[in-house]
DNA sequence: TGCGTCTACCTAAACGCTGTAGGCAAATCG
DNA sequence: CGATTTGCCTACAGCGTTTAGGTAGACGCA
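Protein chains in written order, with our numbering: chain X, 82 to 270; chain V, 82 to 270.
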């Protein structure tokens, strides 16, 4: 009996790949076992249950996304930082649709608090520094930006923007321009 | 043997209620059969499969949502119409989280084209009349608004806005004010 | 090097949801 | 009132999850 060399990390990574290929809801322990040519029950030595697998994939995705965003916004400010943040976000969602879906997976509060999700919040606040917003406007802006980025990625992934000739890329730039203008409008002098 | 009096319509409605109570992903034929105190196989006389049930719930939700939005925006224009549209949308998502989730269910192109989804698109364009946008700006604006509304409803439903003291309602109004300003900025004189 | 322990992977089996085939009885219609 | 339709049934097969308990490879220690 040759051992397959499984580990929570390898399973998580394979699960993330599976999510990108087939969708996050297709990520099952059965499918994963098939991929490693192993019996399903064997996975329970490495993962408590399928919930843990999904949670781990979600955490991986949040981590990756936060890393990409952090790299993108480093050394930028104002509209430049806003665009970099937004593009990093959207690019990740397009390149890794399954992982992006996973990143939206509902985590229990403790897990969420210890996840890279907090880095996302911090970075969003960071790019707003260039717009001189005071509380509670800053919180409002964080929510607005989060809504737009997430909403756009979501609708785009669902194919909602493929019905007309207008390129999605142009609408994206137009939207970011509008947001930038709106935020500049809110600046306290 | 007393008959239960099932029908596709009753099953769809019960499925929508179940979705609101337990989440759209908890809507299964098994759960529905339990609710009607009937064997699962009996449902297959009324529905082709569980996919059809979900599709029907999605269509119901789209219809209801379009009706509410239509009622809300009737007789309004400009910012007034924008706010009414947005509030109708958000209110529906909050009052019927499961149905709202269902409304985002991926429909095949034919079904989508025959659904109330087209009314949504029409109404979004309608409220933009007050902002004097020319193509392709109008399409961009439709996408931006769709993203914000959907993104906000989604994040709010996920509990993403409950970590700070700032009330979600205030952020919502702030966001809509910003959008209105951004759109007025884009108007062709 | 050999022995004992640990553990990675296994078989077996229970449970829940989906879906199909075929049967019986209630509703309906001529 | 009899014939047909149809609503709900039982039975069963397939697939995913999860637990219990067994076997053999890996690893530590003398």
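Ideal Cβ positions, reconstructed from N, Cα and C, are used throughout, including at glycine.
Of all the options 130/X, 126/X, 159/X and 170/X, which has the alpha carbon lying nearest to the alpha carbon of residue 147/X?
Within the first chain, numbered from 1, the residue matching residue 147/X stands at position 66. It is 170/X whose Cα lies nearest to the Cα of residue 147/X.
My guess is that residue 222/X and residue 209/X are in contact by the Cβ rule of under 8 Å, so how many angstroms apart are they, rounded?
As a working note, residue 222/X is residue 141 in the first chain. As a working note, residue 209/X is residue 128 in the first chain. Confirmed, Cβ separation roughly 5 Å.
Give the interface partners of residue 175/X over in chain V, defined as CB-CB distance under 8 Å, in chain order.
Position 94 of the first chain, counted from the first residue, corresponds to residue 175/X. None at all; the shortest Cβ gap to chain V is about 15 Å.
For residue 181/V versus residue 265/V, is the C-beta distance shorter than 9 Å?
Your numbering for residue 181/V matches position 100 in the second chain. Your numbering for residue 265/V matches position 184 in the second chain. Taking 9 Å as the Cβ cut-off, residue 181/V and residue 265/V do not qualify as a contacting pair.
Nonlocal neighbours in the same chain, by C-beta distance under 8 Å from residue 138/X, ignoring five residues either side
As a first step, residue 138/X is located in the first chain; it is residue number 57 there, counting from the start. The residues are 93, 96, 97, 100, 105, 108, 180, 183 and 186.
Please list the terminal residues of the continuous alpha helix (DSSP H) segment that includes residue 143/X.
Indexing the first chain from 1 puts residue 143/X at position 62. Segment 131-154, the alpha helix (DSSP H) holding residue 143/X.
Is the beta carbon of residue 245/X sitting closer than 9 Å to the one on residue 220/V?
Residue numbering aside, residue 245/X sits at position 164 when the first chain is read from its first letter. Residue numbering aside, residue 220/V sits at position 139 when the second chain is read from its first letter. Cβ distance < 9 Å, so residue 245/X and residue 220/V count as in contact.
Just to confirm the assignment, what range does the alpha helix (DSSP H) spanning residue 101/X have?
Mapped onto the first chain, residue 101/X falls at position 20. 89-103 is the extent of the alpha helix (DSSP H) around residue 101/X.
Where residue 265/X falls: helix, strand or coil (DSSP)
Within the first chain, numbered from 1, the residue matching residue 265/X stands at position 184. Note: residue 265/X maps to helix in three-state DSSP.
Measuring CB atoms only, is the region 246-264 of chain X touching the region 148-167 of chain V, in the sense that at least three cross pairs come out at less than 8 Å?
no
is_contact[residue 216/V, chain X] using C-beta, thresh 9 Å:
Taking the second chain and counting its residues from 1, one reaches residue 216/V at position 135. Residue 216/V counts as touching chain X.
Taking beta-carbon pairs under 9 Å, can you tell me which members of the region 220-243 of chain X lie near chain V?
220, 221, 222, 223, 224, 225, 227, 228, 229, 230, 231, 232, 233, 234, 235, 236, 237, 239, 240, 241 and 242
Between the Cα of residue 118/V and the Cα atoms of 144/V, 188/V, 83/V and 224/V, which residue gives the shortest distance?
Here residue 118/V is taken as the residue at index 37 of the second chain, counted from 1. Selected option, being the one with the closest Cα: 83/V.
Can you tell me the Cβ-Cβ gap for residue 173/X and residue 228/V, rounded? I've got them flagged as a contact below 8 Å.
Taking the first chain and counting its residues from 1, the one referred to as residue 173/X is at position 92. Taking the second chain and counting its residues from 1, the one referred to as residue 228/V is at position 147. Incorrect: roughly 16 Å between the Cβ atoms, too far for contact.
Quick check on the burial criterion: 16 or more other C-beta atoms within 10 angstroms. Buried or exposed for residue 218/V?
As a first step, residue 218/V must be located in the second chain, where it is residue number 137. Counting Cβ neighbours within 10 Å, residue 218/V comes out buried, since at least 16 surround it.
If I measure Cβ to Cβ from residue 110/X and keep anything under 6 Å in the same chain, skipping five residues before and after, which residues do I get?
Reading the first chain from its first residue, position 29 is the one you call residue 110/X. So the list reads 121, 124 and 131, once near-sequence residues are dropped.
With respect to the alpha helix (DSSP H) encompassing residue 168/X, which residues constitute its N-terminal and C-terminal limits?
Taking the first chain and counting its residues from 1, the one referred to as residue 168/X is at position 87. First-last of the alpha helix (DSSP H) with residue 168/X: 159-176.
Using the rule of at least 16 other Cβ atoms within 10 Å of the residue's Cβ for burial, across every protein chain shown, is residue 237/V buried or exposed?
Taking the second chain and counting its residues from 1, the one referred to as residue 237/V is at position 156. Residue 237/V should be labelled buried.
Are any of the Cβ atoms in chain V nearer than 9 Å to that of residue 263/X?
If you number the first chain from 1, residue 263/X lands on position 182. Yes, its Cβ sits closer than 9 Å to a Cβ of chain V.
Could you list which residues in chain X have their beta carbon closer than 7 Å to that of residue 245/V, in chain order?
In the second chain, residue 245/V corresponds to position 164, counting from 1. Per Cβ cutoff of 7 Å: 220.
Run down chain X in chain order and give the residues with a C-beta less than 9 Å from the C-beta of residue 187/V.
In the second chain, the residue the question calls residue 187/V occupies position 106. Residues of chain X passing the Cβ test: 239 and 240.
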